[in-house]
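The sequence shown begins at 1 in my numbering and counts up by one. Think of the CB as a built atom: it goes at the ideal place given N, C-alpha and C, for glycine as much as any other residue. As the structure is a computational prediction, the values presented were derived from the model and not from experiment.
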Amino acid sequence: MSREYDDVQLPTPRSGARTLTKLALTVSLIAGALAATSPAQAAAGPYDRGPDPTDAILEASRGPFSTAQTSVSSLSVSGFGGGTIYYPTDTSQGTFGAIAISPGYTASWSSLAWLGPRIASHGFVVIGIETNSRYDQPASRGRQLLAALDYLVEDSSATVRSRIDGSRLAVAGHSMGGGGSLEAANDRPSLQAAVPLAPWNLQKSWSGIRVPTMIIGGESDSVASVSTHSEPFYNSIPSSSEKAYLELNNASHFFPQTTNTTMAKSMVAWLKRFVDDDTRYERFLCPPPSGLAIEEYRHTCPSS
């Protein structure tokens, strides 16, 4: 027996009851403190939506929420060319974050349409935009993304508008639309997230971006090669900003135009983490995801 146990004083008959009462009180207080700090007792974040995430949930073709969609005519909006809105039908969860997504050069929203219900089914309002012109450049597409978000928050139908938290907004886009999402993030630092997909932009430095940004590029992209677009974009964003760079193995410039589970999984995790501030999704971002579909992953790791 060690010395520390040799020195324990057992209670005498006269002091025993009082000592045992104090001991019981101390044990009770310690147990209460441990319970208060137990992860199982930690309160969920105010914007957590849906069940605890799993690989299976994120890799499925649809998330846990049922969705509906509605078309937006170009004649009823200004600043962008209309589009399609996808939104969760569940009204018991409170409001949701919203994201505007732009297609690429000469493309219409139909080229990315699979993304709309996929992201919305994880608890987001999504507007896939049509651009004013098929030939709009990234700066114009960035302004159109912001105009679409403003429309969602201020002028969309009551059914859609009532589901949106206007303080939790994000942008994404493919090719010149991806370059446009960088423009939008640079112009509106209040955004919560940006996800450029195979982004193209003549502007290479984005040192002004403070919005958490995940850039997803394709290793075999011959239109917006990662060496001249995605990688310089990522490197130019300050390390003080949350950022990640995901390069898909052997993927061409057009990887976002067909169902891509690895892209969708990482994209949803990024949006949930930063638009919803849902830390349950950190484990899908840091440590780095791995697999045959991933050529490279760089990150700053989300700060809780």
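Helix, strand or coil for residue 20? Go by DSSP, reduced to three states.
Caution is warranted here: a pLDDT of 35 is assigned to residue 20, below 50, making its placement in the model unreliable, and the coordinate value is therefore given only provisionally. If DSSP states are grouped into helix, strand and coil, residue 20 belongs with the helices.
Applying the criterion that 16 or more other CB atoms from any shown protein chain within 10 Å of the CB defines a buried residue, is residue 3 buried or exposed?
Note on residue 3: pLDDT 29, under 50, position unreliable in the model; the coordinate value appears next. Classification of residue 3: exposed, given that the 10 Å Cβ count is below 16.
Do three or more CB pairs link the segment 225–234 to the segment 196–210 at distances below 8 angstroms?
yes
Using the three-state DSSP reduction, which class does residue 159 fall into: helix, strand or coil?
Secondary structure of residue 159 (DSSP, three-state): helix.
Which residue wins for smallest C-alpha separation from residue 180, given the options 295, 153, 138, 263?
138
Are the segment 213–222 and the segment 183–197 touching by the rule of at least three beta carbon pairs closer than 8 angstroms?
Contact holds between the segment 213–222 and the segment 183–197, because three or more Cβ pairs, one in each stretch, are under 8 angstroms apart.
Would you please state the rounded distance, in angstroms, between the beta carbons of residue 307 and residue 121? I believe it to be under 8 angstroms.
Given that the chain is displayed from residue 1 to residue 304, the structure contains no residue 307 and the question cannot be resolved.
Looking only at its own chain, which residues have a Cβ that is under 6 angstroms from the Cβ of residue 118, when we skip the five neighbours before and after it?
264.
Where does residue 285 land, buried or exposed, given buried means 16+ other C-beta within 10 angstroms?
Here residue 285 is buried: its Cβ has 16 or more other Cβ atoms, across all protein chains shown, within 10 Å.
Please report the straight-line C-alpha distance between residue 290 and residue 258, rounded to a whole angstrom.
21 angstroms
Go to residue 243, then tell me how far its alpha helix (DSSP H) extends in each direction, as first and last residue.
Taken as a continuous stretch (DSSP letters only), residue 243 belongs to no alpha helix (DSSP H), being part of the beta strand (DSSP E) at 243–248.
Report yes if the CB atom of residue 308 is closer than 8 angstroms to the CB atom of residue 129, and no otherwise.
As displayed, the chain neither begins before 1 nor continues past 304, which places residue 308 out of reach and without an answer.
Relative to the C-alpha of residue 287, which residue among 269, 276, 46 is closest?
269
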